[in-house]
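Protein sequences, first through last, are from chains Y and A. Using this note's numbering, the first residue of the first sequence is number 1, and each one after it goes up by one. Using this note's numbering, the first residue of the second sequence is number 1, and each one after it goes up by one. I have placed the structure first, in the form of structure tokens, so that the comments after it can refer back to it.
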Amino acid sequence: YVLTDRTPRWEHTHLTYRIENYTPDLPRADVDSAMEKAFRLWSNVSPLTFTKIFEGQADIMISFVWGDHGDSYPFGRPANTLAHAFLPGRGIGGDVHFDEEKRWTSDFRNFNLYYVAAHEVGHSLGLGHDNDIGSLMFPSYNSYRDVLLSHDRRSVCGVQINRPSKNPI
Amino acid sequence: TPGAQDQDVRTVQNYLQKFYDLKMGTSKSGRQTNSSLVTEKLKQMQEFFGLKVTGKIDADTLNVMKQPRCGVPDVAQ
């Protein structure tokens, strides 16, 4: 696993998330399900819990956005990026943005929302990219789906090491 | 790299700027950067993805750069 150099971490184990808007590519229930699965994947292997909230500021705010969306990391060409997430922290910290220009699905066509969300939540919890193609945190989309069924041990260790403690670094 | 198309060079520069913190210099003639710095960043990228580390643009490297991916940089900033 790869922890980012500043090793930012959440100072509490009970985290909240909120879906700010929904992609028109999928029924809302499918988006809800994809996010729930992505968070459950990480809560199953760590002391963290995730609660969905419907208003106000959550630790992890999730949105589908177009192009330049005001965070200095615009989507769009030429880079073929699908989504990005911010490391743990206040404000924009932990937030996940999906490129609405992409076609999101709940199956194997185009870009499976669950696969991408699972990877991005790893960043929200403080993990960086891993150069092992067998890791969920490898940066290419094609590799995410290959590792999700048997959640890889490296990222599991990473998020356990990076868990909140009484004496955060 | 001999034989590399302009489009390929732009792809590489954009990719390294976005994901490997390649800084582009500016001159009167427009965007320029130190070629050795590009080579260094290219090697870093090739090593990360398990490619043959040459520091040169090749088909495998371009293929990886064109794959859809997460927008978070591969190197810590």
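C-beta atoms are modelled at their ideal positions from N, C-alpha and C, and glycine is treated no differently.
Is it the case that the CB of residue i approaches a heavy atom of the ligand GTP more closely than 8 Å?
{"i": "Phe108 (chain Y)", "result": "Within the structure as shown, the ligand GTP is missing, as the structure has no ligands at all."}
Could you work out which residue in the options is closest to residue i when comparing CA atoms only?
{"i": "Arg9 (chain Y)", "options": "Y:Asp25, Y:Glu36, Y:Gly128 and Y:Asp71", "result": "Y:Gly128"}
{"i": "Ala118 (chain Y)", "options": "Y:Arg103, Y:Asp132, Y:Met137 and Y:Gly126", "result": "Y:Met137"}
{"i": "Glu100 (chain Y)", "options": "Y:Asp68, Y:Ile92, Y:Gly91 and Y:Gln57", "result": "Y:Asp68"}
{"i": "Thr7 (chain Y)", "options": "Y:Gly93, Y:Ala79 and Y:Leu113", "result": "Y:Gly93"}
{"i": "Leu41 (chain Y)", "options": "Y:Asp130, Y:Asn110, Y:Trp66 and Y:Tyr114", "result": "Y:Tyr114"}
{"i": "Leu87 (chain Y)", "options": "Y:Ile53, Y:Leu125 and Y:Arg109", "result": "Y:Leu125"}
{"i": "Arg69 (chain A)", "options": "A:Lys56, A:Asp58, A:Ala59 and A:Phe49", "result": "A:Phe49"}
{"i": "Ile133 (chain Y)", "options": "A:Leu51, A:Ile57 and A:Leu62", "result": "A:Leu51"}
{"i": "Phe108 (chain Y)", "options": "Y:Tyr144, Y:Gly70, Y:Asp71 and Y:His123", "result": "Y:Tyr144"}
{"i": "Asp21 (chain A)", "options": "A:Lys41, A:Asp8 and A:Ile57", "result": "A:Lys41"}
{"i": "Glu55 (chain Y)", "options": "Y:Arg103, Y:Asn110, Y:Asn21 and Y:Pro139", "result": "Y:Asn21"}
{"i": "Val65 (chain Y)", "options": "Y:Thr49, Y:Phe111 and Y:Lys102", "result": "Y:Lys102"}
{"i": "Gly76 (chain Y)", "options": "A:Asn14, A:Ile57 and A:Asn63", "result": "A:Asn14"}
{"i": "Leu48 (chain Y)", "options": "Y:Tyr73, Y:His14, Y:Thr23 and Y:Asn112", "result": "Y:His14"}
{"i": "Gln57 (chain Y)", "options": "Y:Pro139, Y:Asn112, Y:Asp95 and Y:Phe111", "result": "Y:Asp95"}
{"i": "Gly122 (chain Y)", "options": "Y:Pro24, Y:Ala29, Y:Phe111 and Y:Ser43", "result": "Y:Ser43"}
{"i": "Val64 (chain A)", "options": "Y:Pro74, Y:Ser72 and Y:Ala79", "result": "Y:Ala79"}
{"i": "Asp130 (chain Y)", "options": "A:Glu47, A:Ala59, A:Arg10 and A:Leu62", "result": "A:Glu47"}
{"i": "Thr23 (chain Y)", "options": "Y:Pro139, Y:Ser135 and Y:Asn112", "result": "Y:Asn112"}
When the distance is taken between beta carbons, is residue j closer than 9 Å to residue i?
{"i": "Ala83 (chain Y)", "j": "Val116 (chain Y)", "result": "yes"}
{"i": "Val106 (chain A)", "j": "Val53 (chain A)", "result": "Not covered by the structure: residue 106 (chain A). The range shown for chain A is 1 to 77."}
{"i": "Ser81 (chain Y)", "j": "Lys23 (chain A)", "result": "The identity of residue 81 (chain Y) in the sequence shown is Thr, whereas the question assumes Ser. Contact flag unset, no."}
{"i": "Thr16 (chain Y)", "j": "Asp59 (chain Y)", "result": "yes"}
{"i": "Ile62 (chain Y)", "j": "His12 (chain Y)", "result": "no"}
{"i": "Gln44 (chain A)", "j": "Val72 (chain A)", "result": "no"}
{"i": "Gly26 (chain Y)", "j": "Ala38 (chain Y)", "result": "Just to set this straight, residue 26 (chain Y) is Leu in the shown sequence, not Gly. Contact: no."}
{"i": "Lys52 (chain Y)", "j": "Arg18 (chain Y)", "result": "yes"}
{"i": "Ala85 (chain Y)", "j": "Glu120 (chain Y)", "result": "yes"}
{"i": "Gln67 (chain A)", "j": "Tyr141 (chain Y)", "result": "yes"}
Tell me, please, which residues DSSP counts as bridged to residue i.
{"i": "Ile19 (chain Y)", "result": "Y:Ile62"}
{"i": "Asp99 (chain Y)", "result": "Y:Val65"}
{"i": "Arg10 (chain A)", "result": "Answer by DSSP bridge pairing: none, since Arg10 (chain A) is not bridged."}
{"i": "Asn112 (chain Y)", "result": "Y:Thr105"}
{"i": "Lys52 (chain Y)", "result": "Y:Tyr17"}
{"i": "His84 (chain Y)", "result": "Y:His97"}
{"i": "Ser140 (chain Y)", "result": "A:Arg69"}
Mapping the DSSP letters down to three states, classify residue i as helix, strand or coil.
{"i": "His123 (chain Y)", "result": "helix"}
{"i": "Leu16 (chain A)", "result": "helix"}
{"i": "Pro68 (chain A)", "result": "coil"}
{"i": "Lys52 (chain A)", "result": "coil"}
{"i": "Lys37 (chain Y)", "result": "helix"}
{"i": "Ala79 (chain Y)", "result": "coil"}
{"i": "Trp10 (chain Y)", "result": "coil"}
{"i": "Gln44 (chain A)", "result": "helix"}
{"i": "Arg90 (chain Y)", "result": "coil"}
{"i": "Ser72 (chain Y)", "result": "coil"}
{"i": "Ser43 (chain Y)", "result": "helix"}
{"i": "Asn63 (chain A)", "result": "helix"}
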